[in-house]
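In this text, residue positions in the sequence shown follow numbering that gives the first Met the number 0: the first is 0, and each later residue adds one.
Idealized CB from N, CA, C, for every residue including glycine.
Each remark here refers to the structure printed beneath this line.
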Amino acid sequence: MQPQQPTPNPDELDEATLAFVRKVFQAARAGDAAELAALLDQGLPPNLRNERGDSLLMLACYHGHQDAARVLLERGADPEIMNDAGQTPLHGAAFKGDIAIATLLLDHGAKVDNAGPNGKTALMFAAMFNRVDIVKLFLARGADAFRLDADGHSILDAARTMGATDTTALLAAATNER
């Protein structure tokens, strides 16, 4: 994991710098892989983060841009950087239900059981939002189906609470619970 860089105060940046930074983050949101590659090849830090702690990789992944995410990962973006909400790009992929992005992140070193301060893993997000294929992927990649969040709730509890019937059934069978 790379060391976290201090967040510059926007009041201390000139308008040209702010415009450039907006352009960079928009390229990640829009999935402009070619623009990101060119900027990264010129020395742009791959782990640049916005005011909410979202990395370029988080934005590319959350918006479903696999090519942009691949460019970022291949140029050193850290898939484990959490935003201010304690979520990694893998959490975002689980929430959105994007199995291609989830697979890409896992293939590039994302830890399947990483959790923020609230103890919620990407598996918990996938289970809560009834993302059966992603739950299966995470379990196949070694996710702990018995892990508890910071409040002591299991992944199965979270799925039940959210009314996610398909993942509840899948997890109940995987954990031999009813």
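With residue i as the anchor, note down where its alpha helix (DSSP H) starts and where it stops.
i, result
"Phe94", "88 to 95"
"Ala32", "32 to 40"
"Glu14", "14 to 29"
"Met57", "55 to 61"
"Phe137", "131 to 139"
"Met81", "Per DSSP, Met81 belongs to no alpha helix (DSSP H) and is neither H nor E."
"Asp247", "Any answer about residue 247 is impossible in this case: the structure gives the chain only from 0 up to 177."
Does the distance from the CB of residue i to the CB of residue j come in under 8 Å?
i, j, result
"His82", "Asp106", "Reading off the sequence, residue 82 comes out as Asn, not His. No."
"Arg69", "Leu43", "no"
"Glu14", "Ala26", "no"
"Ala59", "Gly30", "yes"
"Ala101", "Leu136", "yes"
"Thr174", "Ala144", "yes"
"Gly155", "Leu170", "Reading off the sequence shown, one finds Leu at residue 155, where the question assumed Gly. Against a cut-off of 8 Å, the Cβ pair of Leu170 and Leu155 comes out as a contact."
"Ala172", "Ala126", "no"
With H, G and I counted as helix, E and B as strand and the rest as coil, what does DSSP make of residue i?
i, result
"Ala76", "coil"
"Lys163", "In the sequence as presented, Lys is not what sits at residue 163; that position holds Ala. Residue state, collapsed to three classes: coil."
"Ala172", "helix"
"Leu47", "coil"
"Ala184", "Lying outside 0 to 177, the shown extent of the chain, residue 184 is not represented and no answer is given."
"Met0", "In this prediction, Met0 scores a pLDDT of 47, lower than 50, which makes its location untrustworthy; no coordinate-derived value is stated."
Look up residue i in the DSSP assignment and give the residues it is bridged to.
i, result
"Thr120", "Ala114"
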